[in-house]
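**Q**
There are 2 protein chains.
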Amino acid sequence: MKLAEAATPALVLDRVRLRRNCERMLARCQSLGVRLRPHMKTLKSMDAARIAIDPDHGGIAVSTLQEADYFAARGIDDIQYAVCITPDKLDRAAEIAGRIARFGFFLDSVETARAVAAHPHADRFGVWIEIDSGDHRTGLSPDSSKLLEVAEIIAASPGRLAGVATHGGHSYGARNSASIAAIAEEERRAVVAAAERLRGAGLDVPGVSAGSTPTAVHSTSAEGLTELRPGVYMAGDLFQAAIGSHGWDDMAVSVLATVISHKPEQNQIVIDAGGLALSKDRSTAALQGGDLGYGLVVDIEGKPSLGRLVVGGVHQEHGEIRGDAPLPFERLPIGTKVRVLPNHVCMTAAAYDHSLVVDDGTDVVATWERVSGW
Amino acid sequence: MKLAEAATPALVLDRVRLRRNCERMLARCQSLGVRLRPHMKTLKSMDAARIAIDPDHGGIAVSTLQEADYFAARGIDDIQYAVCITPDKLDRAAEIAGRIARFGFFLDSVETARAVAAHPHADRFGVWIEIDSGDHRTGLSPDSSKLLEVAEIIAASPGRLAGVATHGGHSYGARNSASIAAIAEEERRAVVAAAERLRGAGLDVPGVSAGSTPTAVHSTSAEGLTELRPGVYMAGDLFQAAIGSHGWDDMAVSVLATVISHKPEQNQIVIDAGGLALSKDRSTAALQGGDLGYGLVVDIEGKPSLGRLVVGGVHQEHGEIRGDAPLPFERLPIGTKVRVLPNHVCMTAAAYDHSLVVDDGTDVVATWERVSGW
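Set out below in structure tokens:
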């Protein structure tokens, strides 16, 4: 099948770019002397995991237990659920953990640590204590009084202290490589300090996990870390390109859409990819260099031959291409297929249960499943 | 099962409220003397359709061919795909149309009309010419020179001119009942004018379809219309409540979530419902009376006993509850379940493949499937 024959909207994944992005990140980690644990939260696909996995590590990170279940069933035997677990999720976690060699999850509280320690299958769990390295989303400060308390509860339990982990997500707020590198260093220092503090108290801390795509790309040292855990680099998106995580020609995921209406009076072309097909993420709104609306429109080959065309508005199933200059109505008659590069690919990809795979062209060479939901 | 035992995040649907919302809209249409064609784009569920369908009409509207396929397979025999179709979608449309009594779709161009007329199964299609009544998304102006041309192409084809249809979506930009009522009147006048113009040219125009939830609620006349086609009223959401489409206690859909982390230093409570579970819709940002972030947090019973708690930030799987006043950490220990009322329920519900159904309580009385994708 050709992309021109595909039903729209559809998710398109360029395998050539995916491979290149994965090779680049693996080489980056190797040059830093740290192993790579790819975070599969974006593509959620076993086919993608096979390409992304570091042969010297073997493991992955996931963002939902549904992903963990999916990857465990397909032979991945080192899975880290990189979100704070809660007591009610432990039974399902134990079921998954019982099927693979190493299953870990995050936690950042005494309450959850106690529930883990008391679980009848605590011996199956690897616990990563989440450290807040400045993102202030979740995690304990490296100097928190609770850090030692949590670690000792786990160490005294049948469970295993897998290590300490952090996510320098505040790197998304930085706008140049120097400030991202500074955040990467904050991220590294915080999680290494937490590990050293626990080791100083006589605890074994085998894993020291950090990572976001921007910090993995711009960090200057991985000293003390055992693994980096980026994810979005595999697919790439407009936001990551804009903050310098990868080039503008590295984006591997786009949404195939069809022109459904012309509104010349409004200088507007409407496509069948709206808020559900693109997501309502607006992360490019605050970027220097210009707001990219709900995505940048390129041609069916993925090339920017149409000029700067942006999806300026969305309804549930309608995307409105608007522009200051007159739109190229003649180049985009009704029925024309285009591709839309997403602002935030993790949000966009989630609407689809499969990807149409191309190798730098418009032939669909494979269809890859992806897992959704929780 | 009780909601307290459900895996989170999960979509909760209160059937008592759904029924009440459906009864209210049906009574509203009856009082206006017009039939109701419920738009199933939000709940996408046969169980919900059974409650919503007007016994005097029998039909529904849908926003994707996937929904059309789903509902056709479950016995609905009058389905209107309320989006402009394109030539490449006609084969699938013909397959669906071949299974039911009446299948229609929108179009607004000469190009698509010609493709429809030339299709080998054109006789299966009911064509609704879309009219732009001021929303400027898609549709022909009632006085467009193309209106007659499109209608005549269909009338001369084996296909059937089902009628003219419009969506007064610009009502979403209004903020009081008087201005919504004025838009409802614009909507009605535009689509009725289009019908009259075609009838004046000797064409049969059986259907005159209009509707959005705000205009259906606030319209003062349905003269000349044959049906109203609202959708979001079934579920309701914060945005619709804020603009007066329904009461604050009419919202039938919420997201069940679990508290996963406390960040007292940031006065922040984190739940396991983030950008994917809630959507990134920010339609309440521009509302008078206050921005509701990514959703309003209520207790597990759906009651506003927690004060004004808002999800102020989201990451993929994390929702950050923030507030100016100190948050109720003691009432919301880690593991506590809450419900989040969504800004825009059509976006939020799309992330789930089923709903947990309650009858104004916390007992899960049913699980309803829902169809996603395209």
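Here the protein sequences line up with chains A and B, keeping their order.
If you count the first sequence from 1, you need to add 73 to reach the numbering used here.
If you count the second sequence from 1, you need to add 73 to reach the numbering used here.
By construction, the Cβ of each residue, glycine as well, lies at the ideal position given by its N, Cα and C atoms.
Can you say whether B:Met113 is buried or exposed, counting buried as having 16 or more other CB atoms within 10 angstroms of its CB?
**A** The residue in question, B:Met113, is buried, as its Cβ has 16 or more Cβ neighbours within 10 Å.
**Q** Check distances from the C-beta atoms of the segment 333–366 of chain B to those of chain A and list, in chain order, the residues that come in under 8 Å.
**A** Residues Ile333, Ser334, His335, Lys336, Glu338, Gln339, Gln341, Val343, Asp345, Gly348, Leu349, Ala350, Ser352, Lys353, Asp354, Arg355.
**Q** Between the Cα of A:Val290 and the Cα atoms of A:Ala254, A:Leu220, A:Ser334, which residue gives the shortest distance?
**A** Measuring from the Cα of A:Val290, the nearest candidate turns out to be A:Ala254.
**Q** Less than 7 Å between C-beta atoms, sequence neighbours within five positions excluded: which residues of the same chain meet that for A:Lys82?
**A** A quick correction: the sequence has Pro, not Lys, at residue 82 of chain A. Cβ within range, chain order: Val328, Leu329, Ala330, Asp345, Ala346, Ala350.
**Q** Can you find a CB in chain B that lies within less than 8 Å of the CB of A:Ser182?
**A** Judged by the 8 Å Cβ criterion, A:Ser182 is in contact with chain B.
**Q** Using C-beta distances below 6 Å, list every residue in its chain close to A:Gln341, excluding the 5 sequence neighbours before and after it, in chain order.
**A** These residues qualify, in order along the chain: Glu393, Arg395.
**Q** Candidates B:Ser206, B:Ile126, B:Glu222: which alpha carbon is nearest B:Pro215's?
**A** Closest by alpha carbon: B:Ser206.
**Q** For chain B, find out if any of its Cβ atoms is closer than 8 Å to the Cβ of A:Pro426; answer yes or no.
**A** Here residue 426 of chain A is Asp; the residue named in the question, Pro, does not match the sequence. True, the Cβ-Cβ gap to chain B drops below 8 Å.
**Q** Taking B:Arg165 as the query, report the chain A residues whose CB atoms sit under 8 Å from its CB, ordered along the chain.
**A** Neighbours of B:Arg165 on chain A, chain order: Ala80.
**Q** Using a Cβ-Cβ cutoff of 7 Å, what residues of the segment 195–225 of chain A are near chain B? List them in chain order.
**A** Answer set for the segment 195–225 of chain A: His209, Arg210, Thr211.
**Q** Say the cut is 7 Å; is the CB of B:His319 nearer than that to a heavy atom of the ligand ZN?
**A** Among the components modelled here there is no ligand, and therefore nothing to report on the ligand ZN.
**Q** Assuming B:Arg90 and B:Met324 make a contact with CB atoms under 8 Å, what is their CB distance in whole Å?
**A** With 8 Å as the limit, B:Arg90 and B:Met324 qualify as a contact, their Cβ atoms being about 7 Å apart.
**Q** Quick one: is B:Pro406 near chain A, going by C-beta distance under 8 Å?
**A** Cβ-Cβ to chain A under 8 Å: yes for B:Pro406.
**Q** Ordered along the chain, which non-local residues of its own chain (more than five positions away) have a Cβ less than 7 Å from that of B:Ala358?
**A** Here the set comprises Asp364.
**Q** Compile a chain-ordered list of the residues in the segment 380–399 of chain A whose CB is closer than 9 Å to at least one CB of chain B.
**A** Answer in chain order: Gly386, His388, Gln389, Glu390, His391, Glu393.
**Q** Quick check: what's the CA-CA separation for A:Asp354 versus A:His391?
**A** Roughly 15 Å separates the two Cα atoms.
**Q** Identify, in the order they occur along the chain, each residue of the same chain with its Cβ nearer than 7 Å to the Cβ of A:Ala188, setting aside the five sequence neighbours on each side.
**A** Closer than 7 Å at the Cβ level, and outside the excluded window around A:Ala188, lie Pro160, Leu163.
**Q** Identify which residue in B:Val370, B:Val384, B:Gly385 has its Cα closest to the Cα of B:Ser19.
**A** There is simply no residue 19 of chain B to check, as chain B begins at 74 and stops at 447 in what is shown.
**Q** Locate the beta strand (DSSP E) running through A:Asp87, then write down its first and last residues.
**A** Start and end: 83–87.
**Q** Going by other Cβ atoms of all chains shown within 10 Å of its Cβ, with 16 needed for buried, is B:Trp321 buried or exposed?
**A** With fewer than 16 Cβ atoms within 10 Å of its Cβ, B:Trp321 is classed as exposed.
**Q** What first and last residue would you give for the alpha helix (DSSP H) that runs through B:Leu213?
**A** Segment: none, B:Leu213 is in no alpha helix (DSSP H) and carries neither H nor E.
**Q** Using the beta-carbon of each residue, which ones in chain A are nearer than 7 Å to B:Pro160?
**A** Chain A residues near B:Pro160: Gly408.
**Q** Take every Cβ of the segment 232–248 of chain A, pair it with every Cβ of the segment 194–212 of chain A, and state whether three or more of those distances are shorter than 8 Å.
**A** Yes: at least three Cβ pairs fall under 8 Å.
**Q** Alpha carbon to alpha carbon, how far is A:His417 from A:Ser352?
**A** Roughly 8 Å between the two C-alpha positions.
**Q** By DSSP, does A:Lys336 sit in helix, in strand, or in coil?
**A** Residue state, collapsed to three classes: strand.
**Q** Using only alpha-carbon positions, find the residue among A:Gly380, A:Ala422, A:Val444 that is nearest to A:Leu86.
**A** Ranking the options by Cα distance to A:Leu86, first place goes to A:Ala422.
**Q** Under 8 Å, Cβ to Cβ, is there at least one residue of chain B near A:Met74?
**A** It does not; no Cβ of chain B falls within 8 Å.
**Q** When you compare the CB of B:Ala122 with every CB in chain A, is at least one pair closer than 8 Å?
**A** With 8 Å as the cut-off, B:Ala122 does not count as an interface residue toward chain A.
**Q** Pick out whichever of B:Ala314, B:Lys336, B:Pro337 has its Cα sitting closest to the Cα of B:Val326.
**A** Ranking the options by Cα distance to B:Val326, first place goes to B:Ala314.
**Q** Judging by CA-CA distance, which residue of A:Ala186, A:Cys157, A:Val183, A:Asp196 is the nearest neighbour of A:Ala174?
**A** With distances taken between Cα atoms, A:Ala174 lies closest to A:Asp196.
**Q** Of all Cβ atoms in chain A, is any one closer than 8 Å to the Cβ of B:Cys95?
**A** So, not an interface residue.
**Q** Among A:Cys102, A:Asn94, A:Ala80, which has the Cα closest to the Cα of A:Leu301?
**A** Checked all of A:Cys102, A:Asn94, A:Ala80; the closest Cα to A:Leu301 is A:Cys102.
**Q** Measuring only between beta-carbons, confirm whether A:Lys117 sits less than 8 Å from chain B.
**A** False, the Cβ-Cβ gap to chain B never drops below 8 Å.
**Q** In this structure, how does DSSP classify A:Glu393 when only helix, strand and coil are distinguished?
**A** In this structure, A:Glu393 counts as strand in the three-state DSSP scheme.
**Q** Determine the chain A residues that contact B:Met420 at a beta-carbon separation under 9 Å, and present them in chain order.
**A** Those within 9 Å of B:Met420 in chain A are Gly348, Leu349, Ser352, Lys353, Gln389.
**Q** Considering only the alpha carbon of each residue, which of A:Phe402, A:Leu99, A:His319, A:Gly106 lies closest to A:Val343?
**A** Answer by Cα proximity: A:Phe402.
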